[in-house]
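S.K.: 9 is the number of the first residue of the sequence shown in our numbering; add one for each residue after it. Backbone N, C-alpha and C define an ideal beta-carbon position, used for all residues, glycine too.
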Amino acid sequence: MSAPQPTIWPRDKSCAVMVAVQFDDGADAIAAAPDLASRSKSLSVWQYGATRGVDRLCRTFATFGIKTSWFLTAETADRRGDHVRAIASAGHEIASASLSFDRYDTLTSAHSLDNLRRSREMLSILAERETSGFHLPQGNWPVGFDQLLLEAGYRWSASLNGDDIPYTHPSGLVEIPVHVELEDRPYFQFNFTPAFPKGQSRIPDYEGVLHNWIAEFDAYRRFGLCYVIQLRPEWSGTPGRISLVEDLLRHILGFEDVWVATGAEIAERQRAFGPAIQDGHPIRVFEAYRRERRADG
């Protein structure tokens, strides 16, 4: 039987909620299909987020009075500087998704560190406040990557799974776990050419998606966990789907014992009150698996 979940939330709060916005502006799609960069019609499906989705999400967050965490590459932030300044001036957190949608499992440590530092510096300047969080944009988590993040000045990450409460890497970097069922992209990403997703079967019933997200939240609250919903302006910022976000937030905020916080705020609670990870924690299991693979040649 697993041990009880530790309580690290503020007094009178039984669980935490982090609203994360992945503002990729099409970089994620181009990484999967590079020729998309020259296909303006198809690329516009993703760029719609900057045209309409960002503003709709910001208005919704203002209506509900919550602060959120936005993840951008430095390249996107530089291109969409007015958006970044507006997001930051509204009190939302600006976090990094790398320099240019990089894949760190293909880069050297020196190259990775340079990218991480430059991204953090550029975002901090644009947001006019320190950037402390990071989200791995693509690829696998390299060995020792948590140490590189700390060396580059980051304090927390929202990149890995393996738990449903924050945990601290052996290096001291805080991890806020994320899960695919609490993203909008697996439900709504769709394009004909190139085919996203392959096979074209997606865009489910909206009420079904909302049911899933609420069911997960109710369970996270019941067990005192950290619920991280990941939204993208191009998928959740449409006229119809913004109502899903509104209904979800209305449900979440209907409970007085829920702490809605930014990634930095959650990471500080974990750093101050969270226990050290145990030997059986999934991050330890992954390290052992990699050692076994190396031993087998």
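According to DSSP, is L115 helix, strand or coil?
M.R.: Taking the sequence shown and counting its residues from 1, one reaches residue 115 at position 107. Here L115 sits in coil by DSSP.
S.K.: Where DSSP assigns a beta bridge to G61, which residues make up the other side?
M.R.: As a position in the sequence shown, residue 61 is number 53, starting the count at 1. DSSP lists no partner for G61.
S.K.: Give a yes or no on contact between the region 128–136 and the region 31–51, applying the rule of three or more CB pairs nearer than 8 Å.
M.R.: They do not touch, by the three-pair rule.
S.K.: Buried or exposed: which applies to I291, given that a residue is buried once 16 or more other Cβ atoms fall within 10 Å of its Cβ?
M.R.: One-based indexing of the sequence shown puts residue 291 at position 283. That one is buried.
S.K.: Could you tell me which of L168, E264 and R258 sits nearest to H316, measuring between CA atoms?
M.R.: No information on residue 316 is available, as it lies outside the stretch 9 to 305 that the chain covers here.
S.K.: Taking the straight line between their C-alpha atoms, what separation do you get for M9 and D171?
M.R.: Along the sequence shown, read from residue 1 onward, the residue named residue 9 stands at position 1. Along the sequence shown, read from residue 1 onward, the residue named residue 171 stands at position 163. Note that M9 scores a pLDDT of 41, beneath 50, so its modelled location is shaky; the value from the coordinates is reported in the next line. Distance between the alpha carbons of M9 and D171 is about 16 Å.
S.K.: When you compare only the Cα positions, how much space is there between W267 and I260?
M.R.: In the sequence shown, residue 267 corresponds to position 259, counting from 1. In the sequence shown, residue 260 corresponds to position 252, counting from 1. If I take the Cα positions, the gap works out to 10 Å.
S.K.: Helix, strand or coil for L80, going by three-state DSSP, please let me know.
M.R.: Position 72 of the sequence shown, counted from the start, is the residue given in the question as residue 80. Note: L80 maps to strand in three-state DSSP.
S.K.: Quick one: any contact between the region 273–280 and the region 82–90, if contact means 3 or more CB pairs under 8 Å?
M.R.: Too few Cβ pairs lie closer than 8 Å, so no.
S.K.: If you count every other CB in all the chains shown that lies within 10 Å of the CB of T59, and 16 or more means buried, which is it?
M.R.: Walking along the sequence shown from the start, residue 59 turns up at place 51. Answer is exposed; the Cβ neighbour count stays below 16.
S.K.: For D113, which residues in the same chain have their Cβ closer than 7 Å to its Cβ, ignoring the five residues on either side in sequence?
M.R.: Here the question's residue 113 lines up with position 105 in the sequence shown. Here the set comprises G147, N148 and P150.
S.K.: Spatial neighbours of L257 within its chain, please: CB distance less than 6 Å, with the 5 preceding and 5 following residues excluded, ordered by chain position.
M.R.: Here residue 257 corresponds to residue number 249 of the sequence shown, with the count starting at 1. So the list reads F72, once near-sequence residues are dropped.
S.K.: For Q55, write down the residues that DSSP places opposite it in a beta bridge.
M.R.: Taking the sequence shown and counting its residues from 1, one reaches residue 55 at position 47. Paired residue(s): none; Q55 is not in a bridge.
S.K.: Let me confirm a value: S179 is counted as buried when at least 16 other C-beta atoms fall within 10 Å, else exposed. Which label applies?
M.R.: As a first step, residue 179 is located in the sequence shown; it is residue number 171 there, counting from the start. The residue is exposed, with fewer than 16 neighbouring Cβ atoms inside 10 Å.
S.K.: For G1, count the other beta carbons within 10 Å of its own beta carbon; 16 or more makes it buried, fewer makes it exposed. Which is it?
M.R.: This structure does not reach residue 1, given that the chain is present from 9 up to 305, and the question cannot be answered.
S.K.: P283 to E264, Cα distance in whole Å?
M.R.: Here residue 283 is taken as the residue at index 275 of the sequence shown, counted from 1. Here residue 264 is taken as the residue at index 256 of the sequence shown, counted from 1. Their Cα atoms are separated by approximately 26 Å.
S.K.: Confirm, please, whether the CB-CB distance from R277 to I16 is below 8 Å.
M.R.: Locating residue 16 in the sequence shown gives position 8, where the first residue counts as 1. Locating residue 277 in the sequence shown gives position 269, where the first residue counts as 1. Their beta carbons are under 8 Å apart, which means I16 touches R277 by this criterion.
S.K.: Does DSSP put D287 in a helix, a strand or coil?
M.R.: Here residue 287 refers to the residue found at position 279 of the sequence shown. In this structure, D287 counts as coil in the three-state DSSP scheme.
S.K.: Straight-line CA distance for P247 to D287?
M.R.: Taking the sequence shown and counting its residues from 1, one reaches residue 247 at position 239. Taking the sequence shown and counting its residues from 1, one reaches residue 287 at position 279. Those two C-alpha atoms are separated by around 47 Å.
S.K.: Can you tell me the Cα-Cα spacing of A40 and Q55, whole angstroms?
M.R.: For the purposes of this step, residue 40 is identified with residue 32 of the sequence shown, where counting begins at 1. For the purposes of this step, residue 55 is identified with residue 47 of the sequence shown, where counting begins at 1. Approximately 15 Å, taken between the alpha carbons.
S.K.: Using the C-alpha atoms, what's the distance from P194 back to T76?
M.R.: The sequence position of residue 76 within the sequence shown is 68, counting from 1. The sequence position of residue 194 within the sequence shown is 186, counting from 1. One C-alpha to the other measures close to 21 Å.
S.K.: When DSSP labels each residue in this structure, what does A160 get in the three-state scheme?
M.R.: Position 152 of the sequence shown, counted from the start, is the residue given in the question as residue 160. It is coil, neither helix nor strand.
S.K.: Any idea if F231 is buried or exposed, counting beta-carbon neighbours within 10 angstroms, 16 or more meaning buried?
M.R.: The residue you call residue 231 lines up with position 223 of the sequence shown. Exposed is the call here.
S.K.: Return the Cβ separation of Q30 and F79 in integer angstroms, given the expectation that the two are a contact with Cβ distance under 8 Å.
M.R.: Counting from 1 along the sequence shown, the entry for residue 30 is found at position 22. Counting from 1 along the sequence shown, the entry for residue 79 is found at position 71. Q30 to F79, Cβ: 5 Å. Contact.
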